[in-house]
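**Student:** Quick note: the sequence shown, position 264, residue 245 per my numbering, numbers continuous.
What follows is a single structure, and I will ask about it in a moment.
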Amino acid sequence: MKVLLFGKGGQVGWELQRALAPLGELIALDFDSTGQLSGDFSQPEAVAATVRVVAPDLIVNAAAHTAVDKAESEADLARLINATTPGRIAQEAKALGAHLVHYSTDYVFDGSGDAPRDEAAATGPLSVYGRTKLEGEQLIAASGATHLILRTSWVYAARGGNFAKTMLKLAKERERLTVIADQIGAPTGAELLADVSAHAARMLRARPELSGLYHCVAAGETSWHGYATHVIERARAAGHAIKVAPDAILPIPTTDYPTPATRPLNSRLDTRRLRDTFDLVLPPWQQGVDRMLAEIL
Ligand code: NDP
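This is how it looks when you write it as structure tokens:
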């Protein structure tokens, strides 16, 4: 099997390079890949041509405009990267008979209520990022290509910057921290997403009727405040010089931390469909976070 991976340098893309390797010949591209193969998602036709040249059996797209606040002021670029180009890839996949794996987000929802949302729940994005990711989903579904769209949330990886690293740095420098406590979701490891993607893509190859939209997040839920507290207390227990006292990690509402893009308060996703269809277990969020901490501490 020939596998074409876009966005190889991102959090999920990096882990996909590992997880997809056993599936076959892997051609992995980033936006600055040169030569005949273009992975620059601001150039939909160049990316479409790349798909035709490589003629893969499986395409995995981990490239995205993920700068949620910046997207508010560069909506056209966000739309090209998150919607137009994934849509073109899907059209080429359909023409080739290739399968497509793509990622989307809880930000397609408006975040009201406190129940986990399943794949049939009504969407209502609050931001440019959410709207463009939703359009990407819709273009892929409309293409008729056999696909898996995995909606996930709060992605982290050991490589590169992440929320946990930022909190640890601040906890070593400051006596008091304030962290948002009214956005609820599940921190989800890039490793887990990549491994689930490889398993599900193999099953999709044998059973194309499984094509569709799935929610994929680690089990359990927390707030950014709960996540930060977990990370800081793990570091303290591991003997790191943490300045902030446990009772000085203060919960604040989202309204106290204004950002250009509005985030959903309820990011809970119901993953039953993914688990039942692909016979997979999604471990508690703490398991992946503790593993990431073991690598970075
Ligand atoms: P990253 O931001 O880590 O990776 C995205 C990759 O896309 C980066 O390598 C980035 O390059 C690349 N990219 C940016 N612009 C372009 C472009 N013009 N052409 C090609 N590539 C480009 O994101 P994640 O790995 O975390 O995200 C993977 C998927 O998961 C995405 O679909 C995202 O929407 C989704 N998701 C992510 C969440 C999160 O919390 N991160 C939450 C929910 C869903 P560079 O770094 O150089 O800009």
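Here a beta-carbon is modelled for each residue, glycine too, at the ideal position from N, C-alpha and C.
What does the alpha-carbon distance come out to for the pair serine 23 and leucine 58?
**Tutor:** 7 Å
**Student:** For valine 41, list the residues DSSP reports as bridge partners.
**Tutor:** Leu(-14), Val82
**Student:** Nearest-angstrom Cα distance between threonine 65 and leucine 120?
**Tutor:** 8 Å
**Student:** Can you tell which of Ala0, Ala199, Val262, Arg217 has the C-alpha that lies nearest to the C-alpha of lysine 153?
**Tutor:** Nearest C-alpha to lysine 153: Arg217.
**Student:** Is DSSP giving glutamate 6 helix, strand or coil here?
**Tutor:** Three-state DSSP puts glutamate 6 in a strand.
**Student:** Please go through the stretch 180 to 230 and give each complete alpha helix (DSSP H) segment of 4 or more residues, from N-terminal end onward.
**Tutor:** 205 to 218
**Student:** Distance check for glycine 207 and isoleucine 230, CA to CA, integer angstroms please.
**Tutor:** 10 Å
**Student:** Leaving out five residues on either side along the sequence, give the residues of the same chain with a beta carbon under 8 Å from the beta carbon of isoleucine 8.
**Tutor:** Once the five neighbours on either side are set aside, the close Cβ partners of isoleucine 8 are Lys(-17), Val(-16), Leu(-15), Leu(-14), Leu18, Val35, Pro37.
**Student:** Taking buried to mean at least 16 other C-beta atoms within 10 Å of its own C-beta, is histidine 83 buried or exposed?
**Tutor:** buried
**Student:** I'd like to know whether the C-beta atoms of valine 136 and threonine 104 end up nearer to each other than 8 Å.
**Tutor:** no
**Student:** Work out the CA separation of alanine 71 and phenylalanine 259 for me, nearest whole Å.
**Tutor:** Approximately 22 Å, taken between the alpha carbons.
**Student:** With distances taken Cα to Cα, identify the nearest neighbour of arginine 244 among Ser85, Ala126, Gly92, Ala44.
**Tutor:** Gly92
**Student:** Straight-line CA distance for aspartate 163 to alanine 209?
**Tutor:** 13 Å
**Student:** Counting only beta-carbon separations shorter than 8 Å, does glycine 111 have a partner in chain C?
**Tutor:** Chain labels in this structure do not include chain C; a single protein chain is all it has.
**Student:** Would you mind working out which of Val225, Thr147, Thr31, Asn247 sits nearest threonine 235, comparing C-alpha positions?
**Tutor:** Asn247
**Student:** Given glutamate 53, which residues of its chain have a CB within under 6 Å of its CB, disregarding the five upstream and five downstream residues?
**Tutor:** Val109, Pro241, Ala242.
**Student:** Mind checking who proline 232 pairs with in its DSSP beta bridge?
**Tutor:** Val160
**Student:** For ligand 1, is there any heavy atom lying closer than 7 Å to the beta carbon of threonine 86?
**Tutor:** Yes, ligand 1 has a heavy atom inside 7 Å of this Cβ.
**Student:** Relative to ligand 1, is the shortest distance from any of its heavy atoms to the C-beta of histidine 196 smaller than 7 Å?
**Tutor:** Of the heavy atoms belonging to ligand 1, none sits nearer than 7 Å to the Cβ of histidine 196.
**Student:** Give the single residue among Leu158, Arg140, Arg(-1), Gly141 whose Cα lies nearest to the Cα of valine 148.
**Tutor:** One point to set straight first is that residue 148 is methionine, not valine, in the sequence displayed. The candidate whose alpha carbon is nearest that of methionine 148 is Leu158.
**Student:** CB-CB under 8 Å to alanine 226, same chain, minus the five flanking residues each way: which ones, in chain order?
**Tutor:** Glu156
**Student:** Can we count lysine 114 as close to ligand 2, meaning its CB is less than 7 Å from some heavy atom?
**Tutor:** In the structure on display, ligand 2 does not appear, and the ligands it does have are ligand 1.
**Student:** To the nearest angstrom, how far is it from the Cα of alanine 96 to the Cα of alanine 30?
**Tutor:** 43 Å
**Student:** For threonine 252, does the three-state DSSP call read helix, strand or coil?
**Tutor:** Here threonine 252 sits in coil by DSSP.
**Student:** Quick check: what's the CA-CA separation for valine 160 versus glycine 220?
**Tutor:** 23 Å
**Student:** With a CB to CB cut of under 7 Å and the five nearest residues on each side skipped, what residues in its chain are close to histidine 180?
**Tutor:** Phe259, Leu261
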